[in-house]
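First up is the structure itself, then whatever we jot down about it.
In the numbering used here, the protein residues as written are 96 to 367.
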């Protein structure tokens with residue numbers, strides 16, 4: 096028979112063992128919430144920039160659409176966390192000059208879009224954008240190239256698990272949200288892009304600046320290693336997180352065109 100003293104000590108030990116576990120759970124949940132606020136700070140605009148409005152689970156999304164030239168794909172573009180549609184003017188113009196169709200949008204809570212920003216909401220936002228292309232604009236799924244920049248890589252990777260696409264382009268992307276800061280994943284992680292690519296055959300084109308001090312280049316290496324389908328990785332010398340397009344100049348467009356042609360054989364850009 097166990098003495099009362101031993102029972103009391105065992106009871107106390109069990110209680111003491113539970114407290115660190117509770118503290119860990121609270122820490123992880125708090126980190127989960129903080130991570131979302133950091134990932135999706137939701138900058139605002141005081142006026143509409145886009146030429147269409149999309150409706151995503153009660154939110155109205157400011158969006159910009161231009162149709163493609165003949166035989167050209169449509170780029171479904173998800174931007175980074177600290178920008179809004181009006182910051183993309185020159186990039187959208189460059190896509191259009193080269194004959195690409197383009198659909199870019201502000202996440203719920205961003206820019207002139209209503210609603211509240213969040214991981215799950217961003218998934219619904221990109222599904223809404225994709226369905227607009229297919230159902231309203233009659234774009235064939237095999238002519239949709241999904242492109243995500245920085246945090247936009249999260250919804251972009253997710254979309255490939257839910258809808259048919261011709262390919263995926265990731266620019267300054269992370270392997271998962273926590274791996275922006277840590278070299279390994281944790282429970283309650285967000286936007287686990289590497290895990291998605293490890294289970295998908297989607298062709299993927301990856302660009303990452305070698306001097307990226309926001310999303311370390313190890314993230315691109317992991318994405319490339321995990322990708323199961325056809326894949327390309329371009330580590331851009333002298334580029335950081337926000338200047339991939341400026342540093343690469345025409346080289347970016349040549350590599351994008353080559354990737355698109357490999358997935359959509361008849362694709363030929365207008366600007367040669």
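A virtual CB, placed ideally from N, CA and C, is assigned to each residue, including glycine.
As the structure is a prediction and not an experimental result, all values here were calculated from the model.
Reduced DSSP secondary structure (H/G/I, E/B, other) of residue 126
Only weak support is given to the placement of residue 126: the predicted model assigns it a pLDDT of 47, under 50, and the value that follows is read from those uncertain coordinates. Reduced to three states, the DSSP call for residue 126 is helix.
Relative to the alpha-carbon of residue 351, which residue among 335, 242 and 294 has its alpha-carbon at the smallest distance?
242
Evaluate contact between the stretch 255-268 and the stretch 310-327, counting only Cβ atoms and requiring at least three cross-stretch pairs below 8 Å.
yes
Contacting residues, own chain, Cβ-Cβ under 6 Å from residue 122 (five flanking each side not counted):
Caution applies to residue 122, whose pLDDT of 41 falls short of 50 and renders its modelled position unreliable; the value that the coordinates give is listed next. Nothing meets the Cβ criterion.
Residues of its chain near residue 152, where Cβ-Cβ distance is below 6 Å and the 5 sequence neighbours each way are ignored
219
Can you find the residues in the same chain that come closer than 7 Å, C-beta to C-beta, to residue 349, ignoring five residues on each side of it along the sequence?
none
Would you mind sorting residue 255 into buried or exposed? The rule is 16 or more other CB atoms within 10 Å of its CB.
buried
Limits of the beta strand (DSSP E) - the one that residue 172 falls within
169-173
Contained alpha helix (DSSP H) runs [length at least 4] in the stretch 284-362, N- to C-terminal order
288-293, 313-321, 339-343 and 345-358
Touch test, the stretch 171-182 against the stretch 202-218, Cβ-Cβ under 8 Å, three pairs minimum:
yes
In angstroms, rounded to a whole number, what distance separates the CA positions of residue 221 and residue 250?
6 Å
Does chain C have any CB closer than 8 Å to the CB of residue 168?
Given the protein chain composition of this structure (a single chain), no chain C is represented.
Cα-Cα separation between residue 257 and residue 326, rounded to whole angstroms
20 Å
Roughly how far, in whole angstroms, is the beta-carbon of residue 308 from the beta-carbon of residue 335, given that I think they are within contact range, below 8 Å?
6 Å
How would you call residue 287, buried or exposed, if buried means at least 16 neighbouring beta carbons within 10 angstroms?
buried
By a C-beta neighbour count over all protein chains shown, 10 Å radius and 16 as the cutoff for buried, is residue 274 buried or exposed?
buried
Drop a sphere of 10 angstroms on the beta-carbon of residue 231, count the other beta-carbons inside from all chains shown, and report buried for 16 or more, exposed for fewer.
exposed
Alpha carbon to alpha carbon, how far is residue 182 from residue 246?
15 Å
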